[in-house]
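**Q**
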Amino acid sequence: MGDGNLNDTEIFEFKIIPVVEMYYNNNYGVYKFYSKESYPHLTERKKCLTEDIFDFDEPSIKYNTVYHGTVVGNMQQLQCGIEYDLKSTLVFSDKYKSWQYKVINIISQKPQSNEEQKLFLQSIVTERQADILLSAYPTIVDDVINGIEIDLSKTNGIKDATFSVIKAKILENYVIADILILLQPLGVSYNMIKKLTDDEPNPVLLKQKLIDNPYILTNVDGLGFKRVDKLALKLNPELELSTKRVYACINFILEDIGSSEGHTWIHLSQLMSEIRNNIPECTDIFKEIIEIEKESGVILHIDDNRVGLKKYYNNENKILKLLNELQNSSSEKFDLNFQKAIEQTELKLGFTLTQEQKDAIQSVITNNIVIITAPAGAGKTTVIQGVLNLYRNKCSIAMTALAAKACQRIKEITEFPAMTIHRLLGWKNGEFIYNEDHKLLEDIIVVDEASMINSYLFLSLIKAIKKGAKLIIVFDFAQLPPIGAGNIASDLLYSNFKINKFTKIHRQAEKSGILVDANKIRVGDNPLEEPQSLITHGELKDMHYMFREYTHKINDLVIQAYIKALEIDDIDNVTVIVPRKKDCINSTQEINARIQNLLIGDDVPFLLRGKQKFKQGAKVIQKVNDYEKGVVNGEIGYLKFIGTDFDFIIVFDNSEKEVYYSKSDVSNIELAYALTVHSCQGSQWKKIICAIDMSHFMLLDSCLLYTAITRASKECLLIAEPKAYMKCIENNKGKIRQTYLKELLTNNLN
15 MGDGNLNDTE IFEFKIIPVV EMYYNNNYGV YKFYSKESYP HLTERKKCLT
65 EDIFDFDEPS IKYNTVYHGT VVGNMQQLQC GIEYDLKSTL VFSDKYKSWQ
115 YKVINIISQK PQSNEEQKLF LQSIVTERQA DILLSAYPTI VDDVINGIEI
165 DLSKTNGIKD ATFSVIKAKI LENYVIADIL ILLQPLGVSY NMIKKLTDDE
215 PNPVLLKQKL IDNPYILTNV DGLGFKRVDK LALKLNPELE LSTKRVYACI
265 NFILEDIGSS EGHTWIHLSQ LMSEIRNNIP ECTDIFKEII EIEKESGVIL
315 HIDDNRVGLK KYYNNENKIL KLLNELQNSS SEKFDLNFQK AIEQTELKLG
365 FTLTQEQKDA IQSVITNNIV IITAPAGAGK TTVIQGVLNL YRNKCSIAMT
415 ALAAKACQRI KEITEFPAMT IHRLLGWKNG EFIYNEDHKL LEDIIVVDEA
465 SMINSYLFLS LIKAIKKGAK LIIVFDFAQL PPIGAGNIAS DLLYSNFKIN
515 KFTKIHRQAE KSGILVDANK IRVGDNPLEE PQSLITHGEL KDMHYMFREY
565 THKINDLVIQ AYIKALEIDD IDNVTVIVPR KKDCINSTQE INARIQNLLI
615 GDDVPFLLRG KQKFKQGAKV IQKVNDYEKG VVNGEIGYLK FIGTDFDFII
665 VFDNSEKEVY YSKSDVSNIE LAYALTVHSC QGSQWKKIIC AIDMSHFMLL
715 DSCLLYTAIT RASKECLLIA EPKAYMKCIE NNKGKIRQTY LKELLTNNLN
């Protein structure tokens, strides 16, 4: 970047007047501007003969000489013709071969005089409407900022829709921007502030709350307690010895442990240790809070030496209550032919069902809650097929799973439509349409890959299931636990609900080296005598091992194997799986970049997110649910088109679905040639190339390796550092999660 004469971290502060909005969407903007002063890489422009217009049909800003440039970045929507104070860095756009000023923050001085207010209003509405507003409310900008109610009966011709736009522009330009300056020491971006307004939509009140209790900033992703604490004490030194500070620290610790380790409770001694590490001067206040919470339990649930957030306890307690109510409710009786359903299933699958499988199908008739759990190859899908054949055309059935790829796989195997939990429940505007007050109509809900579902989402699902319906919970007890707090599926194995647990691999799966070896690894048995450069297992010759000592050699082999696999199979059928997302050579980030560069040249349009590049034609995965666009977390597609106006198009479902994105949406996608083990849980591909080395040390265990290997339906190649492989085999205890639900269920059994 640059011409060698500029430091790209140098800060430039000067006044600008936006004159053309080139692009604005989702808080990301591109504007042409003028400045009275000359700064690097601004183009000098002269005023033409006419008084108010430049020779390129843009409005005059009444200087004889002005300087033209471009400002880009996350910011409020600017008003053209209004002066702003810009703080920015200078960056070079490889895409547009030009220099641009990238926003650090940008604010406008609040208009005071009648003339200044009129100028601002005219950038939003007509001159006549501006005059009407100012006639009724001469201090309209201050009135809106201070929350004074505006009586639109006094503003002839200006109705709710028009005024809501005016109000939003005032708050964005003169309140949110002001908050941004307040929080600048934290490196808080405009997008972060916008996230806070989801909880408090009135920016004026938000500013007051931030000054009163800056610790609400810990709710923003990327802002840890220590970072927020440093700013909070600068804003208000009196917070140093306060309950607000201690509660904020407690909440952050328990939320962080819940999201990263899955625990919904920890021991009091561990929490005390964390408090001493973070805010040692507040130890006495912490002890006082614990005593208060033992009595009142407002924020925390404390039981003996266990402590967790009250909301975690309430969620898991409510889950158990709703499950019990569902199990004990009366179900509609259907005219079922069990024997015919078994015969249909056996005919379709081509083998005879075991008595264990038949009993599991039978259990659905007499129970409203049925749990079916088994390792790979032990018959879960067979039971689902049997249940579908038993109830098909008798009642309404919903098949659902967390990930879109898992739903696609269910549909392929069962030939029955499946949808994600978010789509089933109707996620819209931050909430579910189907809930406790608006129940799902289906008589049977089959939840596959249930081990991936955390407590919050599981609670949302069962709230929406009507009384008398049947809930069938299907999962592999050997796979990884969910991302986030709770471990519902595994906890339910401690319950009194009907549990069908299979452990034996069926005869039709015994030819597969993938399934045989994976199930040995699952219980800590090493299927290999010793590491060798190349080993192949299974009657189908479908499980391969390659051992290498150095991470860069493993990386090279992964790339070579992937490219070679594409000579035989379609790119949709081949995936690389590794434990880590970044910060090591054998991470998805590094492997994806190498594969993309090998498959796609540099002479194509591309998008940038930091140092990551997304080229036109690249394979990508959606990482968030976006139901406005009709795309959900886990869907994989291809970057079909990248436009000059910062928009791009991704095609999904074998080019059957095109989704249009804006540039700011690039944060919602990742390259998808390589995925983490967690990302692909619940999915399968024909060929998997799995890589592990000692840089993945903290993640290595038998559960992770088992999950990775069983993502392959036809062929798996494991490329491993010998020590890393043995670490997986030896570390087979699994990561035990401390949850309230398991405690509640265990107490019931006793």
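Residue numbers (this note's numbering): 15 to 764.
Here a beta-carbon is modelled for each residue, glycine too, at the ideal position from N, C-alpha and C.
(1) Which residues in the same chain have their Cβ closer than 6 Å to the Cβ of E51, if we skip the five residues on either side of it in sequence?
(2) Can you grab the Cα-Cα spacing for the pair N39 / V673, in whole Å?
(3) Is the separation between the beta-carbon of S716 and that of I535 shorter than 7 Å?
(4) State the start and end residues of the unbroken beta strand (DSSP E) segment that holds L731.
(5) In three-state terms, what does DSSP make of D539?
(6) If we ignore side chains and look at the alpha-carbon of each, how far apart do I30 and N187 end up?
(7) For the 8 Å Cβ check, are there 3 or more pairs between the region 742-756 and the region 698-717?
(8) Should the region 700-713 be called in touch with the region 557-568, which here means at least 3 C-beta pairs below 8 Å?
(9) Alpha carbon to alpha carbon, what distance is there between F662 and V618?
(10) Confirm, please, whether the CB-CB distance from V384 to M413 is below 7 Å.
(11) For K301, verify whether its CB is less than 6 Å away from any heavy atom of the ligand SAM.
(12) So C263 is in the alpha helix (DSSP H); what residue range does that whole segment cover?
(13) Quick one: Cα of E729 to Cα of K700, how far?
(14) Mind checking whether I435 and L416 have CB atoms under 7 Å apart?
(15) I'd like the list of long-range same chain contacts for I289, defined as Cβ closer than 6 Å, with 5 residues on each side in sequence excluded.
(16) Quick one: residues in its chain with C-beta nearer than 6 Å to the C-beta of M557, no 5 flanking neighbours on either side, listed in chain order?
(17) Any idea what DSSP makes of K633, helix, strand or coil?
(18) Hey, out of G364, G276, N606, I303, whose CA is closest to Y326's CA?
(19) Under the rule that 16 or more other beta-carbon atoms within 10 Å means buried, what is F561, buried or exposed?
(20) Could you check what DSSP says for N745 in three-state terms: helix, strand or coil?
(21) Since E186 sits in a beta bridge, which residues does DSSP pair it with?
(22) Could you tell me if E97 is buried or exposed, where buried requires 16 or more neighbouring beta carbons within 10 angstroms of its beta carbon?
(23) Can you give the beta carbon distance from Q610 to L685, rounded, assuming they're within the 8 Å contact cut?
(24) Where does T6 fall in DSSP's three states?
(25) Taking 7 Å as the limit between beta carbons, can you name the residues of its chain near S697, skipping five residues before and five after?
(26) Less than 7 Å between C-beta atoms, sequence neighbours within five positions excluded: which residues of the same chain meet that for T721?
(27) Let me know the secondary structure DSSP gives G161 once reduced to three states.
(28) Excluding sequence positions up to five away, which residues of its chain have a Cβ less than 6 Å from the Cβ of K608?
(29) For the putative contact between N514 and A738, defined by C-beta atoms under 8 Å, what is the C-beta separation to the nearest angstrom?
(30) Per DSSP, what are the beta-bridge partners of K484 in this structure?
(31) Around the Cβ of R751, are there at least 16 other Cβ atoms within 10 angstroms (buried) or fewer (exposed)?
(32) Drop a sphere of 10 angstroms on the beta-carbon of F348, count the other beta-carbons inside from all chains shown, and report buried for 16 or more, exposed for fewer.
(33) Please return the same chain residues whose Cβ sits closer than 6 Å to the Cβ of T64, not counting the five positions on each side in sequence.
(34) In angstroms with no decimal places, state the Cα-to-Cα distance between V378 and Q371.
(35) Please specify which runs of the alpha helix (DSSP H), each continuous and at least 4 residues long, are wholly inside the region 308-370, giving them in chain order.
(36) Quick one: Cα of I497 to Cα of Q603, how far?
**A** On the basis of the data shown:
(1) As a working mapping, residue 51 is identified with position 37 in the sequence shown. Excluding positions up to five away in sequence, the list reads F28.
(2) On the sequence shown, residue 39 is found 25 positions in, with the first residue counted as 1. On the sequence shown, residue 673 is found 659 positions in, with the first residue counted as 1. Straight-line Cα distance between these residues: approximately 16 Å.
(3) Sequence index remark: in the sequence shown, residue 716 carries index 702 (1-based). Sequence index remark: in the sequence shown, residue 535 carries index 521 (1-based). In this structure, I535 lies closer than 7 Å to S716 by Cβ.
(4) Start at 1 with the first residue of the sequence shown, and residue 731 comes out as number 717. That run of the beta strand (DSSP E) goes 726-734.
(5) As a working note, residue 539 is residue 525 in the sequence shown. In the structure shown, D539 sits in coil (DSSP, three-state: anything other than H, G, I, E or B).
(6) Start at 1 with the first residue of the sequence shown, and residue 30 comes out as number 16. Start at 1 with the first residue of the sequence shown, and residue 187 comes out as number 173. Between the C-alpha atoms of I30 and N187 there is a straight-line separation of about 14 Å.
(7) yes
(8) yes
(9) On the sequence shown, position 604 is the one that residue 618 refers to. On the sequence shown, position 648 is the one that residue 662 refers to. Rounded to whole angstroms, V618 to F662 spans 13 Å at the Cα level.
(10) As a working mapping, residue 413 is identified with position 399 in the sequence shown. As a working mapping, residue 384 is identified with position 370 in the sequence shown. For M413 and V384, no; Cβs fall outside 7 Å.
(11) In the structure on display, the ligand SAM does not appear, and there are no ligands present to speak of.
(12) Position 249 of the sequence shown holds residue 263. From DSSP, the alpha helix (DSSP H) with C263 extends over 257-275.
(13) For the purposes of this step, residue 729 is taken as the residue at position 715 of the sequence shown. For the purposes of this step, residue 700 is taken as the residue at position 686 of the sequence shown. Going by C-alpha positions, E729 is about 6 Å away from K700.
(14) Here the question's residue 435 lines up with position 421 in the sequence shown. Here the question's residue 416 lines up with position 402 in the sequence shown. Contact: yes.
(15) By 1-based counting over the sequence shown, the position of residue 289 is 275. The answer, listed in chain order, is F300.
(16) One-based indexing of the sequence shown puts residue 557 at position 543. Contacts found: G527, I528, D531, H551, C730.
(17) By 1-based counting over the sequence shown, the position of residue 633 is 619. Here K633 sits in strand by DSSP.
(18) Numbered from 1 along the sequence shown, position 312 holds the residue referred to as residue 326. The shortest Cα separation from Y326 among G364, G276, N606, I303 belongs to G276.
(19) Here residue 561 refers to the residue found at position 547 when the sequence shown is read from its first residue. Flag for F561 reads buried.
(20) Along the sequence shown, one-based indexing puts residue 745 at 731. In the structure shown, N745 sits in coil (DSSP, three-state: anything other than H, G, I, E or B).
(21) Locating residue 186 in the sequence shown gives position 172, counting from the first residue. In DSSP, E186 forms no bridge with anything.
(22) Translated into positions along the sequence shown, residue 97 becomes position 83. By the neighbour-count criterion, in which 16 or more other beta carbons inside 10 Å mark a residue as buried, E97 falls on the buried side.
(23) On the sequence shown, residue 610 is found 596 positions in, with the first residue counted as 1. On the sequence shown, residue 685 is found 671 positions in, with the first residue counted as 1. That belief holds up - the Cβ atoms of Q610 and L685 are roughly 6 Å apart, short of 8 Å.
(24) Residue 6 lies beyond the residue range present for the chain, which begins at 15 and ends at 764; the question has no answer from this structure.
(25) On the sequence shown, position 683 is the one that residue 697 refers to. The answer, listed in chain order, is A417, K419, A420, R423, R725.
(26) As a working mapping, residue 721 is identified with position 707 in the sequence shown. So the qualifying residues of the chain are Q493, L494, V691, Q695.
(27) For the purposes of this step, residue 161 is taken as residue 147 along the sequence shown, with counting starting at 1. Coil.
(28) Working through the sequence shown from its first residue, we reach residue 608 at position 594. In the sequence as displayed, the identity of residue 608 is Arg instead of Lys. Excluding sequence neighbours, R608 sits near I573.
(29) For the purposes of this step, residue 514 is identified with residue 500 of the sequence shown, where counting begins at 1. For the purposes of this step, residue 738 is identified with residue 724 of the sequence shown, where counting begins at 1. That pair is no contact at about 35 Å.
(30) Sequence index remark: in the sequence shown, residue 484 carries index 470 (1-based). Beta-bridge pairing links K484 to I458.
(31) Position 737 of the sequence shown holds residue 751. That one is buried.
(32) Your numbering for residue 348 matches position 334 in the sequence shown. Exposed, because fewer than 16 other Cβ atoms sit within 10 Å of the Cβ of F348.
(33) Position 50 of the sequence shown holds residue 64. Below a pLDDT of 50, predicted positions are generally treated as unreliable, and T64, at 43, falls in that range; the measurement from the model is reported next regardless. Contacts found: none.
(34) For the purposes of this step, residue 378 is taken as residue 364 along the sequence shown, with counting starting at 1. For the purposes of this step, residue 371 is taken as residue 357 along the sequence shown, with counting starting at 1. A direct Cα-Cα distance of roughly 12 Å separates V378 from Q371.
(35) 324-342, 352-363
(36) Position 483 of the sequence shown, counted from the start, is the residue given in the question as residue 497. Position 589 of the sequence shown, counted from the start, is the residue given in the question as residue 603. C-alpha separation (whole angstroms): 20 Å.
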